[in-house]
Amino acid sequence: MRAIEITRPGGPEVLEWREVPDPAVGRGDVLIDVVASALNRADVLQRGGRYDPPPGAPPYPGLEVSGVVAEVGADVEQFKPGDEVCALLGGGGYAERVAVPWQQVMPAPEGVPLKEAAGLPEVACTVWSNVFMLARLRRGETLLVHGGASGIGTFAVQLAKVLGSRVVATVGSAEKAEQVRRLGADEVVNYREEDFAQKVQADVVLDIIGAKYLAGNLKVLRTGGRLVIIALQGGSKAEINLGVLMAKRASVHATTLRSRPVDEKGAIVRSVVENVWPLVTAGAVRPVVYAEVPMSDAAEAHRMLDSGEHVGKILLVR
1 MRAIEITRPG GPEVLEWREV PDPAVGRGDV LIDVVASALN RADVLQRGGR YDPPPGAPPY
61 PGLEVSGVVA EVGADVEQFK PGDEVCALLG GGGYAERVAV PWQQVMPAPE GVPLKEAAGL
121 PEVACTVWSN VFMLARLRRG ETLLVHGGAS GIGTFAVQLA KVLGSRVVAT VGSAEKAEQV
181 RRLGADEVVN YREEDFAQKV QADVVLDIIG AKYLAGNLKV LRTGGRLVII ALQGGSKAEI
241 NLGVLMAKRA SVHATTLRSR PVDEKGAIVR SVVENVWPLV TAGAVRPVVY AEVPMSDAAE
301 AHRMLDSGEH VGKILLVR
């Protein structure tokens, strides 16, 4: 088969479409003929040599795919050849085929074109597991989403809004602010012009920045608030004022998804299929697709991602 290989740490130019060995199908695996994959910030970190795949995962980038089941391993009864699916991966999505544990495979949601479903697994599993399973955002509470125009952000805004929360998002331009408002955000803060910590009060904060925003995030939390940090675009080290945390009886969670054991990912996937897929099928929540790029031209897709101008997901299609 062919896949995108990272030839050396570096910029988008290090991504090359090459012949590679076919994936082996182990017991409990599902082999998927890939229709599309989608870009995530983790792919950029891996491209730069700063985020290796977890043990046992393919070396090629790509944390999610959609496609058609080609083969199933022994003991797999949940899926069969011909099923249209999407999947959460530890790696290997930028390829013509990928083998993945059945626990991480989901039926493609009805009402969504199969290639667009590639943009759902990572964002749906990240948002649902962190905002709802962990932080337990409740109807009537306020969610602050940093990076509201990102793939994660556009999904979080829609899902929290449809489930009855007030949603505030930070973005980097007036154009992005307007698009995020159309997705349902009640308030949008342009972080290039305003300090979110002076404007917002929130029960739950979903943060992709890390150290740079820690003090501000603690400031905006209401009593009993929950801060969930899922990425470190603004650094990994900062001092925390425990007095503020104690006075607010607040909590801070820092999580990753990619490195979790299969059983943990499987539990998240099943919860997403049960709770989120019906909303996607009904059209209440939808994938936001910025661009579709041929998989063989992954370097150009990465240039788009690096520019920061996109809203939603960039897909790699075959």
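Read in UniProt numbering, the sequence shown has 17 at position 17, and its numbers run on one by one without any break. Note that beta-carbon positions come from the ideal geometry of N, C-alpha and C, so glycine has one too. Quick caveat, the model's predicted, so the values are computed rather than measured.
I'd like to confirm something about residue i: is its beta-carbon nearer than 7 Å to some heavy atom of the ligand MN, or not?
i, result
"residue 311", "The model on display carries no ligand, and the ligand MN is accordingly not part of it."
Short of 6 Å in beta carbon distance, which residues of its chain neighbour residue i, apart from the five on each side in sequence? Order them along the chain.
i, result
"residue 166", "142 and 186"
"residue 14", "6, 7 and 8"
"residue 48", "9"
"residue 317", "36, 115 and 292"
"residue 200", "144, 168 and 220"
"residue 12", "299, 302 and 303"
"residue 135", "204, 226 and 228"
"residue 139", "164"
At what residues does the beta strand (DSSP E) containing residue i begin and finish?
i, result
"residue 292", "289-294"
"residue 239", "Element bounds for residue 239: n/a, residue is neither H nor E."
"residue 253", "251-254"
"residue 313", "313-317"
"residue 3", "2-6"
Could you pull the start and end residues of the alpha helix (DSSP H) that residue i belongs to?
i, result
"residue 270", "262-275"
"residue 298", "298-307"
Could you tell me whether any Cβ in chain D is nearer than 8 Å to the Cβ of residue i?
i, result
"residue 61", "No chain D is part of this structure, which consists of one protein chain only."
Counting only the same chain and skipping the five closest in sequence on each side, list residues whose C-beta sits under 8 Å from that of residue i.
i, result
"residue 207", "146, 213, 217, 227, 228, 229, 230 and 231"
"residue 64", "37, 38, 40, 86, 87, 88, 89, 93, 118, 119, 120, 121 and 122"
"residue 78", "102 and 105"
State the CB to CB distance for the pair residue i and residue j, rounded to an integer number of angstroms; the pair is presumed to be in contact (CB under 8 Å).
i, j, result
"residue 98", "residue 61", "Not confirmed; about 12 Å, so no contact."
"residue 172", "residue 209", "That belief does not hold up - the Cβ atoms of residue 172 and residue 209 are roughly 12 Å apart, past 8 Å."
Between which residues of its own chain and residue i is the CB-CB distance below 7 Å, once the five residues before and five after are set aside?
i, result
"residue 244", "218"
Mind pulling the beta strand (DSSP E) runs of 3 or more residues that sit fully within the segment 138-198?
Along the segment 138-198, the beta strand (DSSP E) occurs as fully enclosed runs of 3 or more residues at 142-145, 166-171 and 187-190, listed in sequence order.
Within the segment 95-141, ranges of the alpha helix (DSSP H) (whole runs, at least 4 residues)
If we require 4 residues or more, the alpha helix (DSSP H) runs fully inside the segment 95-141 come out as 121-127.
Kindly provide the ranges of any beta strand (DSSP E) runs that are 3 or more residues long and lie completely inside the segment 11-86, ordered along the chain.
15-19, 29-38 and 64-72
Given 8 Å as the limit, is there contact between the segment 72-86 and the segment 26-45, that is, 3 or more CB pairs closer than that?
Contact annotation: the segment 72-86 touches the segment 26-45, with at least three C-beta pairs closer than 8 Å.
Any 3 or more C-beta pairs closer than 8 Å across the segment 153-166 and the segment 96-113:
no
Could I get the ranges of all uninterrupted beta strand (DSSP E) runs contained in the segment 197-238, with 3 residues as the minimum, in chain order?
With a minimum length of 3 residues, the unbroken runs of beta strand (DSSP E) contained wholly in the segment 197-238 fall at 202-207 and 221-229.
Can you find at least 3 beta carbon pairs, one from the segment 245-257 and one from the segment 277-291, that sit closer than 8 Å?
Cβ pair count under 8 Å is below three, so no.
Does the pairing of the segment 48-59 with the segment 77-86 give three or more beta-carbon distances under 8 Å?
no
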